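In my numbering, the protein residues as written are 24 to 653. Shown next, in structure tokens, is the structure this report addresses.
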């Protein structure tokens, strides 16, 4: 179900399409009714010989189109199907992967790199091309086939604000040109720094236009390619240049043959988690009444404008699910589906499974803090004041945690917490600690069930409280209700957020907003010749003093000396050089019973200052599985 903002955007798209067709001496015909009822009638009335449709990769769309093609066949109508909403033929990707969709982004990238180059987009139709074509248009066309207004559809438009995102291809192409003007971003291929302005709707934003088909994903792809080649001559563009498009393709591919992709139960790729059912808590989250200004401002922006920054989506999704409220990702997905202008069915469901650690992503001990993330992004609190004017009078020091403000400051701000603005609905430190432990137990059970002892191994807290990586604030901060643990910041490393880190005790201001408590560990292994010995050694690890640097144990496939060369090459490229040490192995680990008959593994000890950044890259280089440390 769409809200009025989404429907307004769609109607604007249709009006713009009709206006562009008029320039070609044609018109848009909007037919009302169910396809199964409408098409048989039109086939006869209009004497139709051919029906051209865009391929819909989503399960319900494929079912609908199959029924329409059957009706067309019965009426003697030829059906022409073209793939244009996605870059690739998703069935070919699945075929290349042995009949199954790839469930990691890295695997997806590998598969598409083996496929034939994409075809160029077709040229725009001009009046010259259409001059011999005529479209019979009756005098009562607008009455019969015109684009309906919101009022005709029964909506009250009094007081409806102007759209932040105007719909239509004309607007989409204008935005695309603005987007491509950012040559410095493409040339340097740098991620823009996260700040308060990043959180606001941008005049170069494109996602709603891709969702509604106003902007051709193929056109976007080749425009990026052309610009990159102009700036970086004699250089082929990296796949990462197309991140926004390829993540979209990844989720489309994962969903295309899975009609339960938007459900937990019956979904073969989704972890079955016993989420709580709490309608009252869900309503507070959806309506921006959690008592956490950062979360409430994001949800208010979503409701007012139909869009929020992707890291803001991460923050509110984590808060609803595994971070604080322990409510199913399905409930959050439904709210986003109603309010987000760019909420593709596949991308929306896939992202919620990802962010709730229900599929694709298992690092559940990485948790967004509902205070610290916003404070680092916008220290002055301008974003909060924009969307929560009730808090406008609070100084920056307290605007993210106004419940900590002295009564005199609350009175001066004309906002008493608990009266004019709600108190926090949960204690973040306690709730997230409990939820991390819940996720840990679920994944441990899943590990045993699947017989994979290396799946989702989580560091334990030295205090024994089960907080295996609870995110808190920068060292030295003391915020009631959230905890005060220093730590490293980790992003996904695949295009979702910047990966940054700091050692325990270092000061750090980051951008990704994902904090993890650094648990400084020492793992000493003299000789390991079996899987059992390896796991026993890791289980008996000890912690060293906080001032010592973290030690990370990684299990990597293949010859140890080859991996050592790769690590040294990585070390040379590092801006903050990692001290990487290879354990002295006489032979690799034969883990045949767990890893396959022909697999050999080596254990590497990585000791590094900026270990979060280096380990993320090391995982990519080595193809390794992290066992302990982070």
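The C-beta atom is built at its ideal place from N, Cα and C for all residues, glycine as well. Predicted model only: the values in this text are computed from it and were never measured.
For residue i, is the classification buried or exposed, using 16 other Cβ atoms within 10 angstroms of its Cβ as the cut-off for buried?
| i | result |
| --- | --- |
| residue 190 | buried |
| residue 240 | buried |
| residue 281 | buried |
| residue 462 | buried |
| residue 167 | exposed |
| residue 324 | buried |
| residue 434 | exposed |
| residue 442 | exposed |
| residue 420 | exposed |
| residue 652 | Low confidence applies to residue 652: its pLDDT is 31, below 50, so where it sits in the model is not reliable enough to give any reading. |
| residue 367 | buried |
| residue 390 | buried |
| residue 152 | exposed |
Check whether the Cβ of residue i lies closer than 6 Å to any heavy atom of the ligand MG, and answer yes or no.
| i | result |
| --- | --- |
| residue 78 | Within the structure as shown, the ligand MG is missing, as the structure has no ligands at all. |
Quick check: what's the CA-CA separation for residue i versus residue j?
| i | j | result |
| --- | --- | --- |
| residue 335 | residue 321 | 7 Å |
| residue 171 | residue 314 | 40 Å |
| residue 68 | residue 46 | 26 Å |
| residue 70 | residue 63 | 11 Å |
| residue 40 | residue 51 | 7 Å |
| residue 88 | residue 458 | 42 Å |
| residue 455 | residue 345 | 7 Å |
| residue 432 | residue 219 | 24 Å |
| residue 131 | residue 328 | 33 Å |
| residue 348 | residue 224 | 28 Å |
| residue 358 | residue 54 | 29 Å |
| residue 226 | residue 464 | 45 Å |
| residue 128 | residue 298 | 27 Å |
| residue 29 | residue 95 | 31 Å |
| residue 34 | residue 135 | 35 Å |
| residue 32 | residue 429 | 44 Å |
| residue 437 | residue 418 | 12 Å |
| residue 139 | residue 110 | 12 Å |
| residue 201 | residue 60 | 43 Å |
| residue 296 | residue 342 | 16 Å |
| residue 77 | residue 113 | 14 Å |
| residue 103 | residue 84 | 16 Å |
Tell me which residues share the same chain as residue i and place their Cβ nearer than 6 Å to its Cβ, disregarding the 5 neighbours each side in the sequence.
| i | result |
| --- | --- |
| residue 372 | 284, 285 and 356 |
| residue 289 | 283 |
| residue 232 | 195 and 238 |
| residue 365 | 230, 231 and 234 |
| residue 397 | 317 and 423 |
| residue 552 | Its pLDDT being 35, under 50, residue 552 is placed unreliably by the model, and nothing is read from it. |
Which residue comes first and which comes last in the alpha helix (DSSP H) that contains residue i?
| i | result |
| --- | --- |
| residue 267 | 266-278 |
| residue 58 | 58-68 |
| residue 165 | 164-168 |
| residue 181 | Residue 181 -> no alpha helix (DSSP H), and no H or E assigned at all. |
| residue 244 | 240-254 |
| residue 365 | It is not in any alpha helix (DSSP H) - residue 365 carries neither H nor E in the DSSP assignment. |
| residue 410 | 405-410 |
| residue 431 | 430-435 |
| residue 339 | 333-341 |
| residue 382 | No alpha helix (DSSP H) contains residue 382, which DSSP labels as neither H nor E. |
| residue 319 | 316-328 |
| residue 346 | Residue 346 -> no alpha helix (DSSP H), and no H or E assigned at all. |
| residue 32 | 27-45 |
| residue 444 | Where residue 444 is concerned, there is no enclosing alpha helix (DSSP H), given that its DSSP letter is neither H nor E. |
| residue 55 | Segment: none, residue 55 is in no alpha helix (DSSP H) and carries neither H nor E. |
| residue 202 | 192-203 |
| residue 398 | 395-400 |
| residue 302 | 302-309 |
| residue 223 | Neither: residue 223 is in no alpha helix (DSSP H) and is coded neither H nor E. |
| residue 233 | 230-234 |
In chain order, what residues of the same chain have a beta carbon less than 7 Å from the beta carbon of residue i, not counting five sequence neighbours either side?
| i | result |
| --- | --- |
| residue 316 | 407, 411, 414, 422, 423 and 425 |
| residue 26 | 361 and 362 |
| residue 375 | 340, 352, 355 and 356 |
| residue 207 | In this predicted model, residue 207 has a pLDDT of only 49, less than 50, meaning its place in the structure is not dependable; the value taken from the coordinates is given anyway. There are no such residues. |
| residue 370 | 271 and 274 |
| residue 446 | 314, 426 and 440 |
| residue 448 | 304, 307, 313 and 314 |
| residue 174 | 180 |
| residue 90 | 59 |
| residue 245 | 143 and 144 |
Please return the same chain residues whose Cβ sits closer than 8 Å to the Cβ of residue i, not counting the five positions on each side in sequence.
| i | result |
| --- | --- |
| residue 150 | 46, 47 and 48 |
| residue 186 | 28, 31, 32 and 35 |
Does any residue of chain D have a CB that is nearer than 7 Å to the CB of residue i?
| i | result |
| --- | --- |
| residue 180 | Here there is only one protein chain, and chain D is not present. |
At 4 residues or longer, and completely inside the region 76-152: list those alpha helix (DSSP H) runs for me, N to C.
82-97, 113-119 and 128-136
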